[in-house]
Every structure is written in C-alpha cells, then in structure tokens.
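Chains as they are written, first to last, in our numbering: chain U, 208 to 536; chain G, 19 to 286.
See the structure below:
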C-alpha cells in the first residue's frame, strides 16, 4: 500500500521538508500534478440518515472492492472509529449506528472477529466517553467488544518515511495485530489540520499510556508529517468516512453540522480522503499531508481515481479563515 | 453510607488487584497484562503492595512524575523517590510562542510535559507538583511554577481539561479526571473551591475513574463526598474490579479507603 513510486524527473527529496510549506501554493499544486500515482477506486454512497439500513448500504459499498471482500473472510477485523467528545448535540464522533453497522457488515462478509478500538486523543476517561457517546449501548447490543487503545500494549514502529523525525512511533498492539484495519472516520474540518478524514483518524492508534493526553508528540513532530508517518506505520487496508452528518467551521469539536448524506469508502486512505475533500469543496493537492502522500504511494489526482457508487454533489464546507487557501478553485 | 459496605468494597478491590498482579510484582492495565507504571504506582498507593525492584528497573515513562506521591508510604522506596524528585526538577515542557488569538492561556509557562521535548499539560504538571509537595518541596520555584500553570489553565466551568481552557476564543469544558488531579495538586484557595463544586458533577456523569478522582480530591480538601461513594460502590464489578482495569480499581480502592479514613496517600 505504501510502496514508493518515484515518478521520472522528480525525486522524493523534492517533497520532503518543504512539502508542508509548498503544498498550499500554486507551485505546490503543479508539483503534485506531476507525480505518478497508482490507480485507485473510491465508492461514494448516498445515505439520507442514520436510520436507514446502513448494513445493507455498507455491504453494497464494500462489495465494490473484491480484494477487501476476500480479505475479510476469516479475518480479525479492527474498526477504528473517531471518538473524541461526548457532546451529543454536535456531530463530533463517527456515528455509533454506523460503527455498529460496519461491524455487522464485516461479520456478514465472514470475518472471524470484529473488534472496535479507539484511543481518544484528549479525554482521559474512555469508559465515560464510550458510554456517554452512545457507542457502548450499540456495541453491547451486537456483542462487539471495545478495546481502549490508550491502555493497550504497544510496539515502537520504525517510521519508513520519518517525516516527523521521531524515528519511531508507539502503535497499539490491537491495531498491529489486525488482519484488516479499517479507519472509520468522520467528515470534519479541523482547526489545526484543515480537515480530519481517514488518515488523521489514525492518531487514535497511538496509545495515551505511551504519549499522554493529548498526543502532543504528534503535534510537536508536525501534524501533517505525523499523519503521513502514521499512515505508513499502521497500514490501514480500508477506510469508511461517515459524512451522513459532517462538521464544518471550527472542527473537530466546536463546528456545526453539515447534512452531507454521504458515505465514502475505499481501500486506499489518501484516495478516500481526496474524494471526501473534493466533496467538502477542498483541493486535496493543497492539503499538505495528501500532497506528500501522493508522492509516497497514495493517489489524490482525480484523473487516477475511479469513483463508483452514487453521484454526490460537492457542498463546500465553511472553513476557518487560515484554511481558505485549501479551497478548490 | 455504611462504613462496612465501603470497607467491604475496598477489600474486594484489593482482592482483585492481588489476583491481577504479575509474577514480577507489577500490574498492567488489564489483569496480568504487561507491567506499566500507572497501574503499578496506583496499586502501591492503594496498599496492594509495591514492587520497588520492578519500579527501579522499569522504564516508567511519565509515571515517574507520580513516584514520590504514590510511594510516599513505602519506606523501602526512599531512593526511588529521591531519584524521581531529581528527574522532576530537571524536566520541563517546551514553551510555545504566545498567540492569544488561538490560545487563551500563557503558553510560556514551561511546567511539565508528558514526554520530554513537548509542551506542558495539566495532568503531568499536577503529578509533578503533587509529588514535590509530598516530599516537602512545595515551595521550590518549579513547584510554584507548576501551581501558576495550573491556575492559569483552569476552565471557565471551574475544572480542568487536558490543558486548553480556551481555543479560538471559545471556552472549552473541563473533565473530571484532570480536575481531580489538579485539585489534589493545589493547596487551596478560590480556584480549589470552584473545582470542588465542579467535581460533584461526577455524580451526574459517573464512571469508576471520575468518581474515584472526585472522592480523592474532595477528601483531600476536607469536603464532604455526598453520594459519590455510594455511586462508586454501585459501579464495582462482581469480581471486585472496575471495568477490568487495574489502575481504575487501584484508584477506586484508594477512594473507598479515603471515604472511611478521611485521608489517603495523595492527600498532602
């Protein structure tokens, strides 16, 4: 998944270091446009609410990816949702019904085991968060276990790209032991990163017992750099983005709801994030972590992504002023 | 609440911890899981036993900030406590360039980070200050710096969260767990009065961990614990543990003991 494919005429070194500063510029866009990127497929699905048959809808989407269907059989599937706060009046977390539906979908595809796992970034009390968010009730109903990644044992994974300069990052054992790791993210803006999608969602795989609350080492190493390093280290094989109700404005917590009615799925996180970003009215080539990922095995070019499923019209998300530069023209 | 009920619950929690202990004397987050500093230190504080040998050899990470406080009643841990104090005095967070439009607090106070080379946050600072006060170094300039940081990071609702009381002009909510630790670290004053009131919210949004920290902090400041102890007992599992987690069970054991005795290891 994260094989490097240096395009002719451009070295990967051109993307290191300066990528973050370069990405949101016109020059950065030109650089990204010249990168060779592998073909990728992403599925977009219309979902009018969380009350519809989400299991059936997700199965329809996952079946667009025969490799994933095959991989799920007999697999230990780990679903990693985005669980941040318990203010149920705001669309902060991956909706519990969608998480439970994803678990059921993978069970129907023959998974041997489905586990839901998350390491919330700054809330210390995971028990309270899982309960108050509503996730505990839905998982209890379907008898799916929850693993608190913040208290998990961990391995310090060597960072192949090492954009952060940290050398290694601690990654939860539950995540590393998955046959199929699925990033089940929320479609939101983010007041430090611009947007938080399937790749930023991977921050929760770094245990708090190793790095604290918040996971400041990831910010100190550079948020954009940490997103790419973690993507390489954790190697999720599938991504689902809950955009049925997304968040715009001052995300990922204090923003406002967007009735997007969309689920985005795919096997390659950068491609999934790129499609989601375009639906949010952003240009993924201007998003630094995606620009870097495009030079390291990821696909963000629209011309290299086959979008299947339902046709979804973009709906520009409101952004903090400093992220207006990420907007698509 | 009936004292016998509290003592029984405490004994059941300690029995869980005895069963959950590893052969090397440590505790993991889960019963017989890989040894980790946080559950091992809280288990020592609860009186379940302290493996000084394991604590001396292991990489305790940020848990080292808690060593002087958690092992205050372990005579054989004197050398460990001394070494931890030196570590605490030598560790500081990285200052961050102030940007009042973004952060509502003073980002130049270095205080204590979770990991060296990163910024200061509430819980590690609370651990460090609590430890320094425990060993009688509460008037050390670093301890005073930590207290200044905690006061600066208090949220508008009277508690503390991880360490950002206000971001982009919006006041953020506090959380019971860091509020509990910050309140334990502070000697008293109006900020503590506000925090003690905030801690009562643990009753409306209970968990084993939040109730334990609320009880510990209120007992430390001689505030009544109302119905918090009864709520904590009600959340105990049949096996005596709290959610199968050793650190939560150890803190619950501390809190249940505090509810009876009116004091505990973390009360300075």
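All C-beta atoms, glycine included, are put in the ideal place defined by N, C-alpha and C.
Residue 397(U) has 401(U) as its beta-bridge partners, per DSSP. Ranked by Cα distance from residue 24(G), the options 261(G), 249(G), 172(G) and 103(G) are led by 249(G). Those residues of the region 131-144 of chain G placed with their C-beta closer than 8 angstroms to a C-beta in chain U are 131, 132, 133, 135, 136, 137, 139, 141 and 142, ordered along the chain.
Cβ contact annotation for residue 483(U) (same chain, cutoff 7 angstroms, sequence separation greater than five): 394, 404, 448, 450 and 471, in chain order.
A straight line joining the alpha-carbon of residue 223(G) with that of residue 72(G) spans about 36 angstroms.
When the Cα atoms are used, residue 397(U) and residue 457(U) turn out to be separated by approximately 7 angstroms.
With the criterion set as a beta carbon lying under 8 angstroms from some beta carbon of chain G, the members of the region 310-340 of chain U are 329, 330, 331, 332, 334, 335, 338 and 339, in sequence order. In terms of Cβ geometry, residue 113(G) and residue 97(G) do not form a close pair [threshold 9 angstroms]. Distance check between residue 130(G) and each of 166(G), 99(G) and 122(G) places 166(G) closest, using alpha-carbon atoms only. Going by DSSP, residue 515(U) is part of the beta strand (DSSP E) stretching over 512-516. The C-beta of residue 358(U) comes closer than 9 angstroms to at least one C-beta of chain G. At least 9 angstroms separates the CB of residue 284(G) from every CB of chain U. For residue 227(G), the chain U residues whose Cβ falls inside 7 angstroms of its Cβ are 332 and 334, in order along the chain.
Secondary structure note for residue 447(U): its beta strand (DSSP E) is the uninterrupted segment 445-455. The C-alpha of residue 116(G) lies about 8 angstroms from the C-alpha of residue 123(G). Residue 429(U) and residue 371(U) have their C-alpha atoms roughly 6 angstroms apart. Per DSSP, residue 235(U) is not a residue of any beta strand (DSSP E); the alpha helix (DSSP H) it occupies stretches across 233-240. Residues of the region 52-74 of chain G with a C-beta atom less than 8 angstroms from some C-beta of chain U are 52, 54 and 56, listed in chain order.
The way I'd put it, the region 23-43 of chain G doesn't touch the region 517-533 of chain U; fewer than three beta-carbon pairs between them come closer than 8 angstroms. With its beta carbon less than 9 angstroms from one in chain G, residue 461(U) belongs to the interface.
Segment contact: the region 252-262 of chain U against the region 283-292 of chain U, fewer than three CB-CB distances shorter than 8 angstroms; contact not assigned. Taken atom to atom, the span from the alpha-carbon of residue 264(G) to that of residue 298(U) is near 32 angstroms. Put simply, the region 350-364 of chain U touches the region 412-419 of chain U. At least three CB pairs are less than 8 angstroms apart. Distances from the CA of residue 421(U) to each of 233(G), 203(G), 196(G) and 119(G) were compared; the closest alpha carbon is that of 196(G).
With fewer than 16 other CB atoms across the displayed protein chains lying within 10 angstroms of its CB, residue 466(U) is exposed. When Cβ-Cβ separations below 9 angstroms define contact, residue 421(U) makes contact with chain G. When the beta-carbon positions are compared, residue 149(G) and residue 204(G) stay at least 9 angstroms from each other. Using a Cβ-Cβ cut-off of 9 angstroms, residue 223(G) counts as an interface residue toward chain U, since at least one Cβ of chain U sits closer than that to its own.
If you look at residue 70(G), you'll find it in the alpha helix (DSSP H) that goes 70-75. With contact defined as three or more Cβ pairs closer than 8 angstroms, the region 90-104 of chain G and the region 63-78 of chain G are in contact.
Counting the other CB atoms within 10 Å of its CB gives residue 518(U) a total below 16, which places it among the exposed residues. Beta-bridge annotation (DSSP): residue 42(G) is not paired with any residue. Looking at the DSSP output, residue 469(U) sits in a beta bridge with 253(U) and 450(U). In this structure, the straight-line span from the alpha carbon of residue 438(U) to that of residue 77(G) is close to 27 angstroms.
Scanning chain U for C-beta atoms nearer than 9 angstroms to the C-beta of residue 263(G) yields 334, 355 and 358, reported in chain order.
The straight-line gap separating the alpha-carbon atoms of residue 245(U) and residue 533(U) is approximately 23 angstroms.
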